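Number of protein chains: 4
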Amino acid sequence: MKIKIFSVGGTIDKVYFDSLSAYQVGSPTIREILDGLPIAFEYEIESLLRKDSLEMDDTDRQLVRSAVEKEPSRLILITHGTDTMVETGKTLSGIPGKCIVLTGAMEPANFKSSDAVFNIGVAVGALNSLPDGVYLAMNGRVFNPLRCRKNRERHMFEEL
Amino acid sequence: MKIKIFSVGGTIDKVYFDSLSAYQVGSPTIREILDGLPIAFEYEIESLLRKDSLEMDDTDRQLVRSAVEKEPSRLILITHGTDTMVETGKTLSGIPGKCIVLTGAMEPANFKSSDAVFNIGVAVGALNSLPDGVYLAMNGRVFNPLRCRKNRERHMFEEL
Amino acid sequence: MKIKIFSVGGTIDKVYFDSLSAYQVGSPTIREILDGLPIAFEYEIESLLRKDSLEMDDTDRQLVRSAVEKEPSRLILITHGTDTMVETGKTLSGIPGKCIVLTGAMEPANFKSSDAVFNIGVAVGALNSLPDGVYLAMNGRVFNPLRCRKNRERHMFEEL
Amino acid sequence: MKIKIFSVGGTIDKVYFDSLSAYQVGSPTIREILDGLPIAFEYEIESLLRKDSLEMDDTDRQLVRSAVEKEPSRLILITHGTDTMVETGKTLSGIPGKCIVLTGAMEPANFKSSDAVFNIGVAVGALNSLPDGVYLAMNGRVFNPLRCRKNRERHMFEEL
Numbered sequence: 003m004k005i006k007i008f009s010v011g012g013t014i015d016k017v018y019f020d021s022l023s024a025y026q027v028g029s030p031t032i033r034e035i036l037d038g039l040p041i042a043f044e045y046e047i048e049s050l051l052r053k054d055s056l057e058m059d060d061t062d063r064q065l066v067r068s069a070v071e072k073e074p075s076r077l078i079l080i081t082h083g084t085d086t087m088v089e090t091g092k093t094l095s096g097i098p099g100k101c102i103v104l105t106g107a108m109e110p111a112n113f114k115s116s117d118a119v120f121n122i123g124v125a126v127g128a129l130n131s132l133p134d135g136v137y138l139a140m141n142g143r144v145f146n147p148l149r150c151r152k153n154r155e156r157h158m159f160e161e162l
Numbered sequence: 003m004k005i006k007i008f009s010v011g012g013t014i015d016k017v018y019f020d021s022l023s024a025y026q027v028g029s030p031t032i033r034e035i036l037d038g039l040p041i042a043f044e045y046e047i048e049s050l051l052r053k054d055s056l057e058m059d060d061t062d063r064q065l066v067r068s069a070v071e072k073e074p075s076r077l078i079l080i081t082h083g084t085d086t087m088v089e090t091g092k093t094l095s096g097i098p099g100k101c102i103v104l105t106g107a108m109e110p111a112n113f114k115s116s117d118a119v120f121n122i123g124v125a126v127g128a129l130n131s132l133p134d135g136v137y138l139a140m141n142g143r144v145f146n147p148l149r150c151r152k153n154r155e156r157h158m159f160e161e162l
Numbered sequence: 003m004k005i006k007i008f009s010v011g012g013t014i015d016k017v018y019f020d021s022l023s024a025y026q027v028g029s030p031t032i033r034e035i036l037d038g039l040p041i042a043f044e045y046e047i048e049s050l051l052r053k054d055s056l057e058m059d060d061t062d063r064q065l066v067r068s069a070v071e072k073e074p075s076r077l078i079l080i081t082h083g084t085d086t087m088v089e090t091g092k093t094l095s096g097i098p099g100k101c102i103v104l105t106g107a108m109e110p111a112n113f114k115s116s117d118a119v120f121n122i123g124v125a126v127g128a129l130n131s132l133p134d135g136v137y138l139a140m141n142g143r144v145f146n147p148l149r150c151r152k153n154r155e156r157h158m159f160e161e162l
Numbered sequence: 003m004k005i006k007i008f009s010v011g012g013t014i015d016k017v018y019f020d021s022l023s024a025y026q027v028g029s030p031t032i033r034e035i036l037d038g039l040p041i042a043f044e045y046e047i048e049s050l051l052r053k054d055s056l057e058m059d060d061t062d063r064q065l066v067r068s069a070v071e072k073e074p075s076r077l078i079l080i081t082h083g084t085d086t087m088v089e090t091g092k093t094l095s096g097i098p099g100k101c102i103v104l105t106g107a108m109e110p111a112n113f114k115s116s117d118a119v120f121n122i123g124v125a126v127g128a129l130n131s132l133p134d135g136v137y138l139a140m141n142g143r144v145f146n147p148l149r150c151r152k153n154r155e156r157h158m159f160e161e162l
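Set out below in C-alpha cells:
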C-alpha cells in the first residue's frame, strides 16, 4: 500500500516565529508525524502550496487537481486548511481511479493539544477502507464534500 | 454517529509506577485522548479487562464477545494488547450487524512517541467507512484478523 | 519553602483560538505546569495582568512592584513577556527581603517545543539558591537585569 | 558558562522496548532535551554508566568521583537514578573547585508527564547560582545530600 501525500498549507502547518511576528505556514508537518510512527505503508510527501486556505483561489485549486490527476498512486491524502477544505474537495470530484481524502487540523500540529495526529489517523483509516471518491476527514468523521460544511461557531465540521 | 468503546488492557494502557515496580495496566487511556480532541461523534467507554494481552485466555475472549453481542451500537472500537489482538479478532467473527475495529499501541499512550493517538484515529476512520465485520487497525493499516499476524521481530503487523 | 507566583502575561501564556483570530494572552500556564509535577514546595499563583510585554507601561510595572511589596513571602516568581522583562526587572530593584526571579518563554507553553517548563525549572532552581535581589532566568542562565538584554536577532538573552 | 554533564543512568533514561521486555536504561535523554531548547550556555555530555541506581556499587561511585575530579569545568551536572542519588552525592563531597548538582526523574523523560525537563531546569538554575559544593535538585528543591533522603512512600525527596 502506498499513499501519495500533498500538502497545501493551513493551520496544521502553521508556525509561530516570534512574539512580534504573525503566524506563517511552514513546511509539511505530516512528514515529522509519519516519520515518528511505526507505519506499514509507503508514503511520499509533496508540498504544493503553503497557504492559509482562506487565501487559496481557483488557480490554486486547479493546481491541486492537476497534481492529483498526474499522480499514479490511487491513494491520495491532502493536508489542507479547514476554512476552504470543502471547496477544494468539490474541485477534486470526478477524477477517476482515485481515493482522495482531505484532512487538516483545528490547531497547529506543533501544539500539545493539536488534533493533527488523530485527524491524519482518521484519514489513513479512510484511505484503507473506502472506494474511489473524494472525502473529508475531520472531527473523527468522514464526510462527503458535497454534503458537509465547517460550522465556524462550533469549530466543527457537520453534515448538511 | 455513536461508537461504543471497550477497553481490555494492553500496552496502550500501561503505566509505570516506580523504578522498583513493574508495569501495570491502568485505566483506559482512550478516554483522556478522545476527551481532549474536537470530535463530532458520540462515544461511550467501558473497561472490560485490564490485562496484558498475553495473559488473556478463552474465558476473557468470550467475555469480550458477549459484551459486543449485548451492545446495541453498530460501531464497536476495542482497545487491546497487540500480542493476541489477532486471536480476539477471530473470536469476534460472525456477530451480525456490527462493525468492530480492534486497535492498540506498540508504546503506552503516555509515552511522547506513542502510536496510540494515530492508531485510534485509523480505527475511527475505518469505523466511518467499513461494512459490518471485524478488523484490526495497526501500523496505519486496516487488516482482516483471519489474514494477518504480528511480526514480533519487525514490531509490525503484516498480511499473511 | 513557599513561592508566590505572579503572572503578568507574555508569550508563555499565549493561546491561539482560531485560524481567523490573532493570538491572545490566556490564563497563567504555570498553574497547569506545576500542578502536573511532583513538587515539594508550596506555591500560590496570582494573575496580575494578561499582556504582551510590549504593551506594558509604567503603570503596569508599578502595579507589579506594588504587588511584590505587599506580598509576605520572600520567594517571588514572575512569569512575564520577554520583550520588556529587563525593564520590569529594573523596576523591581531595591525591594528589601525578597528574592525575585522573572521568567517567561520564547514559545507559548502549549507548544510541543516550548521552553516554558525548562525556564520555570531554572527560575525555581535560582529561587532555591540565591540571596535577596532581582534576577532573570532565561535561556538556561540567571541574569542581573541591570546587566543583560534580549538580543532579538539571536532570540536569546545575553550579558551586557 | 559551560556545564559538563555526566549521565549514569536511572529512571530518567529508561526506555521500554516491547510488551515482552523489561525496562532498560538507554542513552542520555538530557542530550535530546537540551538540544531542543534555546540555551545560552555550552555543554558537553558524557555517558559514564547506564544503570538503575539500585544496581550501582562503590566501584561505580568511585568511577563517577574520578570522572568529576579529572574534569576541568567547574560546573558539573549529573543525571542519576533517584534511589541512590543521595549516596552518590555523599561520595562526591569534598572535591575542591566544583559546583556539582545531581538530578534525575521520577518518570522516564520519554513519558508525557515526566518531571525530567523541569528537574534539569532546576539543576541548571542551581548551577548558575550556588557556590562550590554538592547538591541534589529534585522535586523543585535544592538539597544538601548530607541532609536529605528519598521518601519512597511519598515519591518525594525531603530534608532530614
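Residue numbers (the working numbering), protein chains in the order written: chain A, 3 to 162; chain B, 3 to 162; chain C, 3 to 162; chain D, 3 to 162.
Where a beta carbon is used, it is the ideal one built from N, C-alpha and C, also for glycine.
Please read all numbers here as calculations on a predicted model, not as lab measurements.
TODO: Label C:Gly106 either buried or exposed according to how many other C-beta atoms from any shown protein chain fall within 10 Å of its C-beta, with 16 as the threshold for buried.
DONE: Translated into positions along the third sequence, residue 106 of chain C becomes position 104. Classification for C:Gly106: buried.
Task: Those runs of the alpha helix (DSSP H) which lie wholly inside the stretch 91 to 162 of chain D and span at least 4 residues - done: 118 to 131
Task: the stretch 132 to 143 of chain B in contact with the stretch 105 to 122 of chain B per 3-pair CB rule at 8 Å - done: yes
Task: Sequence ranges, beta strand (DSSP E) only - wholly within the stretch 54 to 89 of chain C, length at least 3 - done: 77 to 81
Task: Interface residues of the stretch 138 to 159 of chain B facing chain E [CB-CB below 7 Å] - done: Here chain E cannot be found, since the structure's protein chains are A, B, C and D.
Open item on the list: Whole angstroms are fine: how far does the CA of D:Thr84 sit from the CA of D:Met108?
Closed with: Taking the fourth sequence and counting its residues from 1, one reaches residue 108 of chain D at position 106. Taking the fourth sequence and counting its residues from 1, one reaches residue 84 of chain D at position 82. Going by the C-alpha atoms only, they are around 7 Å apart.
TODO: Identify whether A:Ile32 lies in helix, strand or coil by the three-state DSSP scheme.
DONE: The residue given as residue 32 of chain A occupies position 30 in the first sequence. In this structure, A:Ile32 counts as helix in the three-state DSSP scheme.
TODO: Just the C-alpha distance for C:Leu129 and A:Asp15, rounded to the nearest angstrom, thanks.
DONE: On the third sequence, residue 129 of chain C is found 127 positions in, with the first residue counted as 1. On the first sequence, residue 15 of chain A is found 13 positions in, with the first residue counted as 1. The alpha-carbon atoms of C:Leu129 and A:Asp15 are separated by roughly 38 Å.
Task: Integer Cβ distance of D:Lys4 from D:Ile78, believed to fall under 8 Å - done: In the fourth sequence, counting from the first residue as 1, residue 4 of chain D sits at position 2. In the fourth sequence, counting from the first residue as 1, residue 78 of chain D sits at position 76. Their Cβ separation, rounded to whole angstroms, is 11 Å, which puts D:Lys4 and D:Ile78 out of contact at 8 Å.
TODO: Could you check the C-alpha separation between D:Ser95 and C:Asn121 for me, to the nearest Å?
DONE: Taking the fourth sequence and counting its residues from 1, the one referred to as residue 95 of chain D is at position 93. Taking the third sequence and counting its residues from 1, the one referred to as residue 121 of chain C is at position 119. The alpha-carbon atoms of D:Ser95 and C:Asn121 are separated by roughly 28 Å.
Task: Beta-bridge partners of B:Phe8, as assigned by DSSP - done: Translated into positions along the second sequence, residue 8 of chain B becomes position 6. B:Phe8 is bridged to B:Glu48 and B:Ile80.
Task: Identity of the residue in D:Gly38, D:Gly12, D:Glu89 and D:Ala42 nearest D:Ser167 by Cα - done: The structure shown does not extend to residue 167 of chain D, since chain D spans only 3 to 162, so no value can be given for it.
Open item on the list: Please report the straight-line C-alpha distance between C:Ser75 and C:Phe43, rounded to a whole angstrom.
Closed with: Position 73 of the third sequence, counted from the first residue, corresponds to residue 75 of chain C. Position 41 of the third sequence, counted from the first residue, corresponds to residue 43 of chain C. Roughly 13 Å between the two C-alpha positions.
Open item on the list: If we define contact as Cβ-Cβ less than 9 Å, is C:Ile47 a contact residue for chain D?
Closed with: Stepping through the third sequence from its first residue, residue 47 of chain C is reached at position 45. So, not an interface residue.
TODO: Tell me whether C:Arg149 is buried or exposed, calling it buried when 16 or more other Cβ atoms sit within 10 Å of its Cβ.
DONE: As a first step, residue 149 of chain C must be located in the third sequence, where it is residue number 147. Under this definition C:Arg149 is an exposed residue.
Task: Where C:Asn112 meets chain A, residues with beta-carbon distance less than 7 Å - done: Position 110 of the third sequence, counted from the first residue, corresponds to residue 112 of chain C. In chain order: Phe113, Lys114 and Ser115.
- [ ] Please work out which residues of its chain come closer than 7 Å, Cβ to Cβ, to B:Ile41, disregarding the five sequence neighbours upstream and downstream, and give them in chain order.
- [x] Taking the first residue of the second sequence as 1, we reach residue 41 of chain B at position 39. Cβ within range, chain order: n/a, list empty.
Task: Contact set between D:Ile32 and chain C, taken where Cβ atoms lie within less than 9 Å - done: The residue labelled residue 32 of chain D in the question sits at position 30 within the fourth sequence. None at all; the shortest Cβ gap to chain C is about 11 Å.
Task: Nonlocal neighbours in the same chain, by C-beta distance under 6 Å from C:Asn175, ignoring five residues either side - done: Since the first residue shown for chain C is 3 and the last is 162, residue 175 of chain C is missing from the structure and cannot be characterised.
- [ ] Taking the CB atoms as reference points, tell me whether A:Gly127 and B:Ala125 lie closer together than 9 Å.
- [x] Looking up residue 127 of chain A in the first sequence gives position 125. Looking up residue 125 of chain B in the second sequence gives position 123. Yes. Within cutoff.
Task: A:Thr84 Cβ short of 8 Å to the ligand GTP heavy atom set - done: Inclusion of the ligand GTP in the displayed structure is not the case, the ligand content being empty and no account of it being possible.
Task: Rounded separation between B:Asp62 and B:Leu56 - CA only - done: Counted from its first residue, the second sequence places residue 62 of chain B at position 60. Counted from its first residue, the second sequence places residue 56 of chain B at position 54. The straight-line gap from Cα to Cα measures roughly 11 Å.
- [ ] Evaluate A:Gly91 with the Cβ neighbour count: other Cβ atoms within 10 Å of its Cβ, from every protein chain shown; 16 or more gives buried, anything less gives exposed.
- [x] Counting from one through the first sequence, the residue named residue 91 of chain A turns up at place 89. Buried: at least 16 other Cβ atoms inside 10 Å.
Open item on the list: Less than 9 Å between the beta carbons of D:Ala111 and D:Glu34, yes or no?
Closed with: Working through the fourth sequence from its first residue, we reach residue 111 of chain D at position 109. Working through the fourth sequence from its first residue, we reach residue 34 of chain D at position 32. Against a cut-off of 9 Å, the Cβ pair of D:Glu34 and D:Ala111 comes out as a contact.
Open item on the list: DSSP three-state label for D:Leu22, please.
Closed with: By one-based count along the fourth sequence, residue 22 of chain D stands at place 20. Confidence is the limiting factor: at D:Leu22 the pLDDT is only 49, short of 50, which leaves the residue's position unreliable, though a coordinate-based value still follows. Three-state DSSP puts D:Leu22 in coil, outside helix and strand.
TODO: Could you tell me which chain A residues have their CB closer than 7 Å to the CB of B:Ala125, listed as they occur along the chain?
DONE: As a first step, residue 125 of chain B is located in the second sequence; it is residue number 123 there, counting from the start. The contacting residues are Gly127.
TODO: Below 8 Å CB to CB, which residues in the same chain sit around D:Arg67 once its five sequence neighbours on both sides are set aside?
DONE: As a first step, residue 67 of chain D is located in the fourth sequence; it is residue number 65 there, counting from the start. Contacts found: Thr93, Leu94 and Ile97.
Open item on the list: Comparing C-alpha positions only, which one of D:Gly135, D:His82, D:Asp54 and D:Leu65 sits nearest to D:Gly99?
Closed with: The count along the fourth sequence starts at 1 and reaches residue 99 of chain D at position 97. Comparing Cα positions, the closest option is D:Gly135.
- [ ] Work out the CA separation of C:Tyr18 and B:Phe145 for me, nearest whole Å.
- [x] The residue labelled residue 145 of chain B in the question sits at position 143 within the second sequence. The residue labelled residue 18 of chain C in the question sits at position 16 within the third sequence. Each residue's alpha carbon lies about 38 Å from the other.
- [ ] Within the same chain, show all residues whose beta-carbon is closer than 8 Å to that of D:His157, passing over the 5 residues directly before and after it, in chain order.
- [x] The residue you call residue 157 of chain D lines up with position 155 of the fourth sequence. Only Met108 meet the Cβ criterion.
Open item on the list: Within 10 Å of its beta-carbon, does C:Pro147 have 16 or more other beta-carbons around it, so buried, or fewer, so exposed?
Closed with: Stepping through the third sequence from its first residue, residue 147 of chain C is reached at position 145. Counting Cβ neighbours within 10 Å, C:Pro147 comes out buried, since at least 16 surround it.
Open item on the list: Can you find the residues in the same chain that come closer than 6 Å, C-beta to C-beta, to D:Ser9, ignoring five residues on each side of it along the sequence?
Closed with: Looking up residue 9 of chain D in the fourth sequence gives position 7. These residues qualify, in order along the chain: Pro30, Ser49 and Thr81.
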